[in-house]
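Enquirer:
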Amino acid sequence: MGSAVSKESQQTKQIFCSAIQLEQGKAALATAESIDHYRELCQTDRANALARDGQVYVYSNPTMAQQDALNERIKSYESVIPTRLKNDLAGVQVVSLLPSADSNMPHTRPPNLICLPLSGSSLTLETYIHELWHVHQRQYYDLWTRFFKNSWFFEPFKGSIPTRLLNQLRFNPDTMTDMFWVWKGTWVPMCLFLDPVNPSFQNTAVWYYNVKTQIHRTTAPPEYVAFFSSTLPSSAYEHPCELSAYFLAGQNIQKKCPAYQSLAAEF
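Taken in order, the sequence shown gives residues 0 to 266; the numbers are from numbering that gives the first Met the number 0.
1) Can you tell me the Cα-Cα spacing of Gln-250 and Ser-121, whole angstroms?
2) Please confirm whether Pro-155 and Asp-173 have their CB atoms less than 8 Å apart.
3) Please list, in chain order, all residues of the same chain as Met-0 whose beta carbon is under 8 Å from its beta carbon, the five residues on each side excluded.
4) So, with DSSP's three-state summary, where would you put Arg-216?
5) With a CB to CB cut of under 6 Å and the five nearest residues on each side skipped, what residues in its chain are close to Ser-99?
6) What number of angstroms, rounded off, separates the C-alpha of Trp-132 from the C-alpha of Gln-138?
7) According to DSSP, simplified to helix, strand and coil, what is Val-134?
8) Identify the residues that DSSP records as bridge partners of Phe-226: which are they?
9) Quick one: residues in its chain with C-beta nearer than 7 Å to the C-beta of Val-4, no 5 flanking neighbours on either side, listed in chain order?
10) What do you get for Pro-21, buried or exposed, if any count of 16 or more other CB atoms within 10 angstroms of its CB means buried?
11) Among Phe-226, Leu-164, Ile-252 and Phe-153, which one has its Cα closest to the Cα of Pro-232?
12) Given a threshold of 16 other Cβ atoms within 10 Å of its Cβ, counted over all protein chains shown, does Asp-194 qualify as buried or as exposed?
13) So what's His-36 in DSSP terms, helix, strand or just coil?
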């Protein structure tokens, strides 16, 4: 008799589904676009279109050797992938894009895609786990929304944002489901291009819009820093999905801050 294979073992194998061929990759990206319309939104927004001028966002069609190398790299990380991800995720696909796509930054697309520049040969464990958490956030949206509301005091913001800020907003494919969240009913963080005339991925910052006073800060409110710490990369503070992915995958984190403690207790 053959030995039984546990459900967890089956799911763990399915997570590392990275060798996507050309037609599969094209189809996966087309499906993602039909869900989030990310590329369409980038092309029709002035600042985001200018910042991506010259970038080519298409499947890179890596060689078999490159795909094999990426699979080997991902397989080498298997033993240290967080148990929660192994138990909850299945069928995650890794898509290779041309190096210029989204300024060479790894990201995710719906429903279960991790998009990497070219072959992903420089993929680090920290980046890989970070992106897996973004996939988890997509697939368990209600769970994460409850956590953000009950433990982190974040809620999706459905109010209005000043046009001057919207015109500088940098779109992030990992946060397109709900781009704006309000913290404690007051602060809406957002990543902006600092030069709206010549927007660039290399010249951005996170600003904080106060929905009560309708003014913004260019630095984080002290109470926000106290809750989420100040040790994460600056881009982490733009959105609760980024904050949580950085906390759960990062190394330079302040484990004593309230945000991390509640996150670690839940995930």
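Even glycine gets a Cβ: it sits at the ideal position worked out from N, Cα and C.
Expert: Answer, in terms of the structure:
1) 18 Å
2) no
3) With a pLDDT of 41 at Met-0, under the threshold of 50, the modelled position of that residue is not reliable, and the figure given next carries that caveat. Excluding positions up to five away in sequence, the list is empty.
4) strand
5) Gln-54 and Val-55
6) 10 Å
7) helix
8) Phe-226 pairs with nothing; no bridge assigned.
9) With a pLDDT of 36 at Val-4, under the threshold of 50, the predicted position of this residue should be treated as unreliable, and no value is reported.
10) In the sequence under discussion, the amino acid at residue 21 is Leu, which differs from the Pro named in the question. So Leu-21 counts as exposed.
11) Ile-252
12) exposed
13) coil
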